[in-house]
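Novice: As they're listed, the protein sequences go chains A and B. Going by the numbering used here, the first residue of the first sequence is number 88, and it counts up by one from there. Going by the numbering used here, the first residue of the second sequence is number 18, and it counts up by one from there.
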Amino acid sequence: MTYLDYKVAQAPTGWRKILHLNWPLVFLLASVASAGFLMLYSVSGGRPHLWAEPQIERFAVGMVAMIALAFAPIWFWRSISVPAYVVCCIMLLAVDLVGHIGMGAQRWLDLGPIKLQPSELTKIALVLILAAYYDWLDMDRISRPVWVLIPLVLILLPTALVLKQPDLGTSVMLVAGGGIMMFAAGVSLWYFAAVIGAVAGLVFAVLESRGTDWQLLHDYQYRRIDTFLDPSSDPLGAGYNITQAQIALGSGGWSGRGFMQGTQSRLNFLPEKHTDFIFTTLAEEFGFVGTMTLLTLYALILAFCLHSALTNRDRFGSLLTVGVGGTFFLYFAVNMSMVMGLMPVVGVPLPLVSYGGTQLMILLMAFGIVQSAHVNRVRG
Amino acid sequence: MRKSSREVVESARSISRRGLMLGAIQAAVVGTLGWRLKSMQLDRADEFRLLSDGNSIKLRLLPPARGLIHDRNGVLLAGNEQNYRVTITREEAGDVSAVVARLRHLIPMTDTSVAALMAEIDRRSAITPVSVADRLTWEQFASIAVNAPALPGVTPESGLSRGYPRGGDFAHVLGYVGPVSDYDLSKIENPDPVLMLPEFQLGKVGVEAKLETVLRGKAGTRRVEVNSAGREMRELGRIEGEQGATVQMTLDAGLQNFAIQRLGGESAAAVVIDVQTGDILTIASSPVFDPNMFVRGITSSDYTALMNHDHRPLADKTVQGLYPPGSTFKMVTLLAGLEAGVINGGSRFYCPGHLQIAGRRFHCWSRGGHGSMDPVQSLEHSCDVFYYELAQRVGIDRIAEMARRLGIGVRHDLPMSAVAEGIAPDRAWKRARHDEEWQVGDSINASIGQGYVLASPLQLAIMTARVASGRAVEPRLVRAVDGVAQAVPDFPDLGIDPANLRIARAGMDAVMNGSRGTAARSRILAPEWRMAGKTGTSQVRNITAAERARGVISNEQLPWARRDHALFVCYAPFEAPRYAVSVVVEHGGGGSAVAAPIARDILLFALAGGLPPLDAYPPAARAAVEETWAKMQLDTPEPPQLARVRA
């Protein structure tokens, strides 16, 4: 092994780690977040103190946190994976018991000075514990039923607690995120085929149970399904929102109406315009050019995560990177599909763009773990 | 080339194959999103741009039709009329003053009303429609619709407005509706969004206010496409609202109209109550005002005239007016004495024309005195000294207790505004209210319904109904809501010895039918409608010693506002009581001369179900009755049903 090989194969230490950060990823994240600031400024009608300024502050804090986390050694993440998961489950349980009720669902845990949304943290904790599990597990056991059952339980326990809140969006995110981890770890494809079949059956059961004693979802969740299938069925509620969102999106055309010129959001037609539906404002004001740019930025973030994962010989770090990237992918794909009418409305924000402090900071911390895996990756 | 076993494990542990598959799936999804964006933003952009530019979708509330109010026979008392009006929305109008200037060519508007309108438009949010003009003719309405292109933001609307076809007859009991004020909204915890609509009408007083939630109904919604000028292009969906519930009152429109006419513009009140069911058939306060004026927006001169009228037309004298009941209170004192065992049916007191108590001389209305009186005679002659003697022996607390038992000094639950409680004074009341000890003189005054005693005409009617039935009759105004009959409660027994009640009733009968009864001139001749009653004349002034020295001045010589109140209570038929009536004529003079004939006529009209045959009256009274009928402008409605249900 030459000196050069050694240099490449060994992880950097100390302050030199900063040179080995995945800087393109940092810049991509900052670009997407900047687009978010612009849109928040726009939907607030030029009142930055409403959403844009708090968002910038939290982004700055989040970036610092991300870089700080990048310095952590990879074994640190492995050792906190089990405690983090347990703590998250306890917090979810606490939310279910004493949670603060907001917007018809209890999601927040009020810990004095800070309000925590444990379901957000759980997404990372789940990625951590699954990565640790598959790193520990012998390769030849991966597809054995018992060893498939364990991660399933790990996924479904917090999912059930989140579903209880009730938060369908996050529940779906947890299951899908866990599924991506299992897929990446190499669980036999037959299992996935079986799950897809079971989901189809479940969908059937959910729809059939409506109106009976054993109704599986809340009424409002059923209404969302109705609205998705036929937006005009609910003229007062979400169907109206979807129609308006699509009008905003489609009317953007090639280059959009221009910054702060969107009429749909200006006239308050759009619901949740600064959170879940912010993409429609971007689409209306910057058109196809704007939406494709954002989509490309997202795709590049995925690509850099994937590249980092594929070039990492450390299975734990590699799985971590895939998990975080996959969760990120789920966020924007679900959000965009929702506003474009490809999916029912579930409360999922557009990552890095939608207004929301907890969500933004936790996402950046997750990328801090990705950076840590990248910096400490085993080259070779 | 063979890999070492370590390399095999290493490669298996690396996620490259699955990672690449995952990447491919993600790329496919991103591609799908991009393709969808292309199809929406490029291929279908024109379509969406049109929808966004030209047509926005708006939700409009459909105000519900207000519930109708019927009388007991189905005669409409409050309904909804078609109303053409015009509203303006600032955001859609652009140059508001120019649009309003153009509007002035089409509909008459004064400079002051334009100024008020501009102020209102500025005050409201840009997207809230503000009412410009109301109750337009069809021609004006049509001309605005035709000129719509020159009037951006102006919307001609046809809506419903409350109307009271019986005019002033039910003004006090039903009240009226009016536009929702900020003050109204501030009082409501969670205002229904429909209240924010321009020209939405809210019950302001009376039954309209008290039964607001029943009458309002539920708003519907319309989803409409609106073009960039704010004009509706087409309706996309509609959810009809629900009309408010139809309320059937216990009132009788014909009888109410007769009572109002019979009161003849005097400052007076009349109440007719069903002795068995407590149904209020008539609750008339005079003079009346036209509630339609308030709905349409009353002019300040009209309002000032109503406010300054010395007969106070806006006050509901039936439930808000409190009067010393005068001698009509004597049944209370008598029953208190009988029930306490202080006297019995054969007890007598001697009336020399006055009574000296605690150094003060209390006069009987008959200067010469009535001589020896038993309880029945005391009512027949309305002897005051009998009650002075009785009150000293019974004590005020037992009199007050009996007053409350008969419904005086108790608030009765009716859906009307400001229902007064009245005063049945006792020792505790005077201590609490005036911080003074009760004096014997107070009892003397109270015994004949003067002094601190105050009762409303409604309470006097209830008192009469309770004496007539022996049951704790409670009044009710609502007969049915949406066709569902309201239960008639089984009123509990008053717990008064029936023998004692018979004495009081015999006294009231003697008032009308005794040879020297104070209201004998107003008796009903028809035996099947034989009537019992009691007169009352209550002083509103203190007779000064100087006046007394000069001799009592007759009422006619006094200014109107210082004359006595005339009161009368009665019920009939005597053997099987059906209706009880109370009449109070403010400053009317004597109860027997003024109030008794009115009460008799109303009672007869109720019993006969219309104008009674003349031979029900004593021959001497017939000429006067015919003259009264000729002066009245009766408007007796034909009930929609053939059979007049009087259950």
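For each residue, glycine too, the CB sits at the ideal point set by N, CA and C. From a predicted model like this one, the values you see are computed outputs, not experimental measurements.
In three-state DSSP terms, what is F158(A)?
Specialist: F158(A) carries a coil assignment under DSSP once its states are collapsed to helix, strand and coil.
Novice: From the DSSP output, read off the bridge partner residues of L551(B).
Specialist: In the sequence under discussion, the amino acid at residue 551(B) is Lys, which differs from the Leu named in the question. V586(B), per the DSSP bridge assignment.
Novice: Just to confirm my understanding: we take D333(B), look at its own chain, exclude 5 residues before and 5 after, and list those with CB closer than 6 angstroms. What are they?
Specialist: H189, S302
Novice: Taking 8 angstroms as the limit between beta carbons, can you name the residues of its chain near L268(B), skipping five residues before and five after?
Specialist: D88, R89, L94, F187, V190, I297, L298, T299, I300, L494
Novice: Taking E64(B) as the query, report the chain A residues whose CB atoms sit under 8 angstroms from its CB, ordered along the chain.
Specialist: G337
Novice: Does the stretch 434-453 of chain B come within contact of the stretch 412-426 of chain B, defined as at least 3 CB pairs closer than 8 angstroms?
Specialist: yes
Novice: Whose C-beta lies closer than 7 angstroms to the C-beta of I461(B) among residues of the same chain, with five residues either side of it excluded?
Specialist: I374, F379, Y405, A408
Novice: Among S168(A), Q302(A), V259(A), R297(A), which one has its Cα closest to the Cα of V286(A)?
Specialist: For V286(A), the nearest C-alpha among the options comes from V259(A).
Novice: Quick check on P200(A): buried or exposed, where buried means 16 or more other Cβ atoms within 10 Å of its Cβ?
Specialist: The predicted position of P200(A) is uncertain, since its pLDDT is 47 and thus under 50; a value taken from the coordinates is nonetheless stated next. Answer is exposed; the Cβ neighbour count stays below 16.
Novice: Check the Cβ-Cβ distances between G404(A) and every residue of chain B, and say whether any is below 8 angstroms.
Specialist: no
Novice: If you scan the stretch 333-363 of chain B from start to end, which runs of the alpha helix (DSSP H) of 4 or more residues do you find wholly inside it?
Specialist: 347-357
Novice: List the residues of chain B whose Cβ lies closer than 9 angstroms to the Cβ of A271(A), in chain order.
Specialist: I32, R35, G36, M38, L39
Novice: Would a check of beta-carbon distances place R61(B) closer than 8 angstroms to chain A?
Specialist: yes
Novice: Anyone know if the C-beta pair for L407(A) and V214(A) falls short of 8 angstroms?
Specialist: yes
Novice: Where does A37(A) land, buried or exposed, given buried means 16+ other C-beta within 10 angstroms?
Specialist: In the structure as shown, chain A begins at 88 and stops at 467. Residue 37(A) is therefore absent and cannot be evaluated.
Novice: Which bits of chain B does I334(A) rub up against, with CB to CB less than 8 angstroms?
Specialist: Going along chain B in sequence order, the residues near I334(A) (Cβ under 8 angstroms) are F65, L68, S69.
Novice: Could you tell me which residues DSSP pairs with A286(B) in its beta bridges?
Specialist: S302(B), V601(B)
Novice: Under 9 angstroms Cβ-Cβ, which residues of chain B neighbour S424(A)?
Specialist: Within chain B, the residues near S424(A) are V46, T49, L50, R53.
Novice: Just tell me which of P146(B), A44(B), V117(B) has its CA closest to the CA of T106(B).
Specialist: P146(B)
Novice: So for R35(B), helix, strand or coil by DSSP?
Specialist: R35(B): helix per DSSP, three-state reduction.
Novice: Can you pull the DSSP bridge partners for L387(A)?
Specialist: None; L387(A) has no bridge partner.
Novice: Measure the C-alpha to C-alpha separation of A453(A) and V119(A) and round it to an integer number of angstroms.
Specialist: 16 angstroms
Novice: Mind listing, in chain order, the continuous alpha helix (DSSP H) runs of no fewer than 4 residues lying wholly within the stretch 95-153 of chain B?
Specialist: 107-110, 113-120, 128-140
Novice: Apply the 10 Å Cβ neighbour rule to A171(A) and answer buried if 16 or more other Cβ atoms are within range, or exposed otherwise.
Specialist: Result: buried.
Novice: Which of helix, strand or coil does DSSP assign to P506(B)?
Specialist: coil
Novice: Would you list the one or two residues that DSSP bridges to I425(B)?
Specialist: Looking at the DSSP output, I425(B) shares a beta bridge with no other residue.
Novice: Whole angstroms is fine: what's the gap from Y596(B)'s alpha carbon to A472(B)'s?
Specialist: 19 angstroms
Novice: Contact between the stretch 611-622 of chain B and the stretch 271-287 of chain B: three or more CB pairs below 8 angstroms?
Specialist: yes
Novice: Can you tell me which of the three DSSP states M190(A) falls into?
Specialist: Low per-residue confidence applies at M190(A): pLDDT is 45, beneath 50, and the placement is therefore not dependable, though the value from the model is reported in the following sentence. M190(A) falls in the coil class under three-state DSSP.
Novice: Just reading off the alpha helix (DSSP H) that L157(B) is part of, what are its end residues?
Specialist: It is Gln, not Leu, that sits at residue 157(B) in the sequence shown. Looking at the DSSP string, the run of the alpha helix (DSSP H) that includes Q157(B) is 155-163.
Novice: So M213(B) contacts chain A; which residues on that side make the cut at Cβ distance below 8 angstroms?
Specialist: Ordered by position in chain A, no residue passes the 8 angstroms Cβ test against M213(B), which lies about 16 angstroms from the chain.
Novice: Any Cβ of chain A within less than 8 angstroms of the Cβ of Q273(B)?
Specialist: no
Novice: Can you give me the Cβ contacts of V602(B) inside the same chain, cut-off strictly under 6 angstroms, excluding the 5 residues immediately before and after it?
Specialist: E283, A285, A583, V611, A612
Novice: Restricting to Cα atoms, I'd like to know which of G410(A), M178(A), L156(A) is closest to M268(A).
Specialist: G410(A)
Novice: In terms of DSSP beta bridges, what is R255(B) paired with?
Specialist: R239(B)
Novice: Give me the subset of the stretch 364-378 of chain A whose CB atoms are less than 7 angstroms from a CB atom of chain B, sorted by chain position.
Specialist: A370, G374, F375, T378
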